[in-house]
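**Q** Can you keep this structure in mind? I'll have questions shortly.
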Amino acid sequence: MAGMPGQGTVVQAGLSKGSEDLMTASAGATIDVVVGRADIVADQVVSLVLRRADGLPFEAWQPGAHIDVHVGDGLVRQYSLCSSPEELDHLRIGVLHVPDSRGGSKAVHALLPGTPLAISAPRNNFPLRESRRYLFLAGGIGITPIIPMLEAADAAGKEWTLVYGGRSRKTMAFAQQLEDRYGVDRIRVVAEDEVGRLDLDQVLAMPRAHMLVYACGPGGLLGAVEERCMGWPPGALHTERFVASTLGAAAANAPFEVELARTGSTVSVTNDKTILEAVEEVGVRVLSSCRHGLCGTCETQIISGEPEHRDAVLSEEDREAGEIMLVCVSRAAAGCPRLVLDL
Amino acid sequence: MTVSTHEANVLGEDPFETANLLDPYPFLGLLRDAGAVSYLESTGSYAVAGYQEVYEVLTDFETYISSGGLGPRDIRKDSGWRPPSILESDPPIHTVMRRALTGVINPGTVRALREPFTPPAEELTEQLAGRERFDAITDLAEKYPLRVFPDAVGIPDVGREHLLPYGNMVFNAFGPENYIFKQAFAQGDEHAAAVMRNCQRENLDDTGFGAQIWKRVEDGFITEQQATLLVRALLSAGVDTTIFGIGNTISVLARYPEAWARLRENPKMAKFAVDEALRLESPFQKFHRTVAVDTVLGGVHLPAGAKVLVFLGAANRDPRKWGDNADEFDLDRNASGHVAFGMGLHQCVGQPIARLEMEIVLQQLLQRVSTIEPDGTPVPILHNVLRGFESLPVRITTG
């Protein structure tokens, strides 16, 4: 089908996103780290440098990856990595303090150098796919997963530009550093108090061949980007959406089980696998095409259980009805250990 | 940096010759084997038939543009027979139209069609199951899309008889102006006028895709002329292709009784069968793109302004992509990635509708028909760019 153009993972970016999610806490082994530096890098934004407590390097990760941070009292938050994947002696995250959050970002903002912390290994739901050209779009703290992407695209000699929107320069973390490093030709900072809001009609008016769009930011921005990218080639758009902490949605990949009602078997979906992959591994076929949540081909009926939709295809009504899901990207919701699917 | 190039292989064979239209596959094999890019003397265009090159031409919409038209003539120089459609446009004009269309036709809106689309398929297949023999084209494939699709668009009953002849004109015009083209255009003005009438807002019902496209005019997204052209695109592209898709699927399955038996046991696999049949017998076989700037493809220099004939149906049988059994139907094959609906910017918007129609018909047939086999020789249709049958007699058993 030619429809929706985007890969959408409803995962977290650098915002205080994520949720109080006990499933997440038990999802995998944690790594003990120590806060190395804590710097205010913009209004309400703190940058934390984390080093392993045992002094070893972190495992390799790819641009777009995030970590779980156990911020205490059972709270787990997900933050995108904004350091360089080339430098594994530390990880860096950027955290926006959200006044109405339930405590995650506040707890992170209170961290001082030397504080011990538990995190997960990096995971990636927003990988940078190979292409010839890239357009990066960031809204506010959504810049964080984009930063390592810029570095990778630049090192590979790709044609790329970043359009970075925010309320004002002083709220826009890393804007100045990025301009200094890559130049204003490639880094277009659009501060609302100076030049008005980001004009997406203009930015996305002209699709380019072999250009992927990577967008990260608040839901309103991404909705507007998705709408405009309907005129782009299917699959061009990749998004990562903040999950407002008040929504309580799980953002991490917790393991769960899927019962295949027709086949009569049950498969475990581990945190490194999609439902589609887990189901295919036991020899059950599901028609799929893009495998990125954007074409709708793998749409599957839900018999019971609650999904967490991570696709870019389903309407709000579909999501709320909870009767269908795209098994190539979507997962079980937090607190739902088992989905029963019509497979 | 210099790129070393060589000349395209020059082929004297004509893809639009009657024999090559009736049975395209021997010619397509020859074309694939001749090299990455060939030059066809008969049409004066370059030709690509391998999956890799076809994919490249389809996805690089800046180098291989559509505004030159999908036929052999460059409609930028030599205006076409009708105002250019979305298929014959490039960004940013294409972008506006595509965005409007995708907002109306997408998996969410198409899902709602399963309910109204099912009873006509039940009725048609129920009637046919009462007979030992029928013609899978005239008794089924031609009937079903005409029963459901015009309603989904919301056009009046009056004038529906012009849809098939009009589709025949539109697609045949992607080939040369040969006798097939001339035949298709014999009463062209009448068909075109009737279809255009049904694209007007006042002639569309309030709930169909047509009205929703016009709603985008009220919202200020597109112009009235663009809305007319988008409804026209649905009406011209949504009928013939689906008829051929249904017919071709049945033609394949009638030749593979084991696959039919497996599908009977597991009708959920119908959509895989449809996908593999679309790969093997792609309804839309070929069209042209226009080279916008001098470029190199597969080591061959292509000058700006040249036409490239893109053989989708050959890419879908390229052994380098699909393996040594590329010419066979394999229910277990993962056919995703086939280019039967195109690929990239201009990929078929109506794809979910076509797939839904094909799947419903096949599932209804599977429920009622235990075996299906050819009953005499199928008659392929003589068409410049579509692959399908005029007649496909089958013999069935039920139970």
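Top to bottom, those sequences are chains U and C.
Each position in the first sequence, counted from 1, maps to that position plus 229 in the working numbering.
Each position in the second sequence, counted from 1, maps to that position plus 1171 in the working numbering.
Yeah, the Cβ is synthetic: ideal placement off N, Cα and C, and Gly gets one too.
Keep in mind that this is a model prediction, so the values were computed, not measured.
Going by the beta-carbon positions, is the gap between T1466 of chain C and M459 of chain U smaller than 7 Å?
**A** Numbered from its first residue, the second sequence carries residue 1466 of chain C at position 295. Numbered from its first residue, the first sequence carries residue 459 of chain U at position 230. Against a cut-off of 7 Å, the Cβ pair of M459 of chain U and T1466 of chain C comes out as no contact.
**Q** Flag A444 of chain U as yes if its beta-carbon sits less than 7 Å from any beta-carbon of chain C, otherwise no.
**A** What you label residue 444 of chain U is simply residue 215 of the first sequence in a count that begins at 1. Chain C, which has no Cβ nearer than 7 Å to the Cβ of A444 of chain U, makes this no.
**Q** Is E1294 of chain C close to chain U? Criterion is C-beta to C-beta, closer than 7 Å.
**A** Taking the second sequence and counting its residues from 1, one reaches residue 1294 of chain C at position 123. Closer than 7 Å: no.
**Q** I want to verify the contact list: residues of chain U whose CB lies under 8 Å from the CB of T1133 of chain C, in sequence order.
**A** Because chain C in this structure spans residues 1172 to 1570, residue 1133 of chain C falls outside the shown range and cannot be described.
**Q** Who does Q1538 of chain C pair with in a DSSP beta bridge?
**A** By 1-based counting over the second sequence, the position of residue 1538 of chain C is 367. Residue pairing by DSSP places Q1538 of chain C in no beta bridge whatsoever.
**Q** Mind checking the stretch 1428-1462 of chain C against chain U and listing, in chain order, the residues whose C-beta falls within less than 8 Å of any C-beta there?
**A** K1439, M1440, K1442, F1443, D1446
**Q** Using the C-alpha atoms, what's the distance from V1423 of chain C back to F1443 of chain C?
**A** In the second sequence, the residue the question calls residue 1443 of chain C occupies position 272. In the second sequence, the residue the question calls residue 1423 of chain C occupies position 252. Cα to Cα, F1443 of chain C sits roughly 13 Å from V1423 of chain C.
**Q** Please name the residue, chosen from C:A1344, C:P1523, C:M1440, C:G1330, that lies closest to F1154 of chain C on a Cα-to-Cα basis.
**A** Residue 1154 of chain C falls outside the range modelled here, since chain C spans only 1172 to 1570, and no answer is possible.
**Q** Distance, Cα to Cα, I1264 of chain C vs G1391 of chain C?
**A** Sequence index remark: in the second sequence, residue 1264 of chain C carries index 93 (1-based). Sequence index remark: in the second sequence, residue 1391 of chain C carries index 220 (1-based). Between I1264 of chain C and G1391 of chain C, the C-alpha separation is close to 15 Å.
**Q** Quick one: what's got a C-beta closer than 7 Å to F1512 of chain C's C-beta in the same chain, skipping five residues either side?
**A** For the purposes of this step, residue 1512 of chain C is identified with residue 341 of the second sequence, where counting begins at 1. Counting only Cβ-Cβ distances below 7 Å, and skipping sequence neighbours, we find Q1518, C1519, Q1522.
**Q** Assign V1550 of chain C to one of three DSSP states: helix, strand, or coil.
**A** Stepping through the second sequence from its first residue, residue 1550 of chain C is reached at position 379. Correct three-state label for V1550 of chain C: strand.
**Q** Cβ of M459 of chain U less than 7 Å from any chain C Cβ?
**A** Taking the first residue of the first sequence as 1, we reach residue 459 of chain U at position 230. Among the CB atoms of chain C, one or more fall inside 7 Å of the CB of M459 of chain U.
**Q** What's the C-alpha gap between A404 of chain U and E1227 of chain C?
**A** Counting from one through the first sequence, the residue named residue 404 of chain U turns up at place 175. Counting from one through the second sequence, the residue named residue 1227 of chain C turns up at place 56. Their backbone Cα atoms lie some 36 Å apart in a straight line.
**Q** Who are the Cβ neighbours of A1271 of chain C in its own chain at under 6 Å, not counting the five residues just before and after it?
**A** Numbered from its first residue, the second sequence carries residue 1271 of chain C at position 100. Cβ neighbours of A1271 of chain C beyond the five flanking positions: R1387, F1392, I1393.
**Q** In the DSSP assignment, find the unbroken alpha helix (DSSP H) run with G452 of chain U in it and report its ends.
**A** For the purposes of this step, residue 452 of chain U is identified with residue 223 of the first sequence, where counting begins at 1. Start and end: 448-457.
**Q** Are three or more beta carbon pairs between the stretch 553-562 of chain U and the stretch 501-510 of chain U nearer than 8 Å?
**A** yes
**Q** Kindly list the residues whose CB is nearer than 6 Å to the CB of G1469 of chain C, restricted to its own chain and excluding five residues on each side of it in sequence; keep chain order.
**A** To locate residue 1469 of chain C, count along the second sequence from 1; it is residue 298. Cβ neighbours of G1469 of chain C beyond the five flanking positions: A1207, V1208, E1224.
**Q** Per DSSP, E488 of chain U forms a beta bridge with which residues?
**A** Your numbering for residue 488 of chain U matches position 259 in the first sequence. Its beta-bridge partners are U:T495, U:V569.
**Q** So which residues on chain C does S517 of chain U lean against when the C-beta distance must stay under 7 Å?
**A** For the purposes of this step, residue 517 of chain U is identified with residue 288 of the first sequence, where counting begins at 1. Going along chain C in sequence order, the residues near S517 of chain U (Cβ under 7 Å) are S1507.
**Q** How long is the line joining the alpha carbons of G1409 of chain C and I1257 of chain C, rounded to whole angstroms?
**A** On the second sequence, residue 1409 of chain C is found 238 positions in, with the first residue counted as 1. On the second sequence, residue 1257 of chain C is found 86 positions in, with the first residue counted as 1. Taking the straight line joining both Cα atoms gives about 14 Å.
**Q** I'd like the list of long-range same chain contacts for S313 of chain U, defined as Cβ closer than 8 Å, with 5 residues on each side in sequence excluded.
**A** As a first step, residue 313 of chain U is located in the first sequence; it is residue number 84 there, counting from the start. Within the same chain, S313 of chain U has close Cβ partners P377, E380.
**Q** Return yes when the Cβ of R491 of chain U is within less than 7 Å of the Cβ of L572 of chain U, no when it is not.
**A** In the first sequence, counting from the first residue as 1, residue 572 of chain U sits at position 343. In the first sequence, counting from the first residue as 1, residue 491 of chain U sits at position 262. Cβ distance < 7 Å, so L572 of chain U and R491 of chain U count as in contact.
**Q** Using the three-state DSSP reduction, which class does V515 of chain U fall into: helix, strand or coil?
**A** Against the first sequence, residue 515 of chain U aligns to sequence position 286. V515 of chain U falls in the coil class under three-state DSSP.
**Q** Here's the rule I'm using: 16 or more other beta-carbon atoms within 10 Å means buried, otherwise exposed. How should N1339 of chain C be labelled?
**A** By 1-based counting over the second sequence, the position of residue 1339 of chain C is 168. N1339 of chain C is buried by the Cβ-count criterion.
**Q** Quick one: what's got a C-beta closer than 8 Å to W461 of chain U's C-beta in the same chain, skipping five residues either side?
**A** Position 232 of the first sequence, counting from 1, holds the residue named residue 461 of chain U. Closer than 8 Å at the Cβ level, and outside the excluded window around W461 of chain U, lie P234, L433, P436, V442.
**Q** With a cut-off of 7 Å, does the C-beta of L1258 of chain C fall near any C-beta of chain U?
**A** Stepping through the second sequence from its first residue, residue 1258 of chain C is reached at position 87. Not one chain U Cβ lies under 7 Å of L1258 of chain C.
**Q** Between U:V324, U:L346, U:V298, which lies nearest to V263 of chain U when the distance is taken from Cα to Cα?
**A** Working through the first sequence from its first residue, we reach residue 263 of chain U at position 34. For the residues U:V324, U:L346, U:V298, the minimum Cα distance to V263 of chain U belongs to U:L346.
**Q** For V1341 of chain C, I'd like the list of residues in its chain whose CB is within less than 7 Å of its CB, leaving aside the five on either flank, ordered along the chain.
**A** Here residue 1341 of chain C refers to the residue found at position 170 of the second sequence. Cβ-Cβ distances below 7 Å link V1341 of chain C to S1407 in the same chain, with the five nearest sequence neighbours on each side left out; the list follows chain order.
**Q** Since E1233 of chain C meets chain U, which of its residues come closer than 8 Å, beta carbon to beta carbon?
**A** One-based indexing of the second sequence puts residue 1233 of chain C at position 62. Residues of chain U passing the Cβ test: R437, A438.
**Q** If you draw a straight line from the alpha carbon of H319 of chain U to that of L277 of chain U, how long is it in whole angstroms?
**A** In the first sequence, counting from the first residue as 1, residue 319 of chain U sits at position 90. In the first sequence, counting from the first residue as 1, residue 277 of chain U sits at position 48. Between H319 of chain U and L277 of chain U, the alpha-carbon positions lie close to 10 Å from each other.
**Q** For V175 of chain U, would you say it is in contact with chain C, using Cβ-to-Cβ distances shorter than 7 Å as the test?
**A** Nothing in the structure corresponds to residue 175 of chain U, since chain U is present only between 230 and 572.
**Q** Over what stretch of residues does the alpha helix (DSSP H) that includes W1493 of chain C continue unbroken?
**A** Start at 1 with the first residue of the second sequence, and residue 1493 of chain C comes out as number 322. That run of the alpha helix (DSSP H) goes 1490-1493.
**Q** Measure the alpha-carbon distance for L568 of chain U versus R1488 of chain C and round it to whole angstroms.
**A** If you number the first sequence from 1, residue 568 of chain U lands on position 339. If you number the second sequence from 1, residue 1488 of chain C lands on position 317. If I take the Cα positions, the gap works out to 38 Å.
**Q** Within a Cβ cutoff of 8 Å, which residues of the same chain sit near V515 of chain U, ignoring the five residues on either side of it in sequence?
**A** One-based indexing of the first sequence puts residue 515 of chain U at position 286. Excluding sequence neighbours, V515 of chain U sits near L505, V508, E509, C527, T529, V556, L572.
**Q** Determine the DSSP secondary structure at W290 of chain U, reduced to helix, strand or coil.
**A** Numbered from its first residue, the first sequence carries residue 290 of chain U at position 61. It is coil, neither helix nor strand.
**Q** Are the CB atoms of A1312 of chain C and I1417 of chain C nearer to each other than 7 Å?
**A** On the second sequence, residue 1312 of chain C is found 141 positions in, with the first residue counted as 1. On the second sequence, residue 1417 of chain C is found 246 positions in, with the first residue counted as 1. Against a cut-off of 7 Å, the Cβ pair of I1417 of chain C and A1312 of chain C comes out as a contact.
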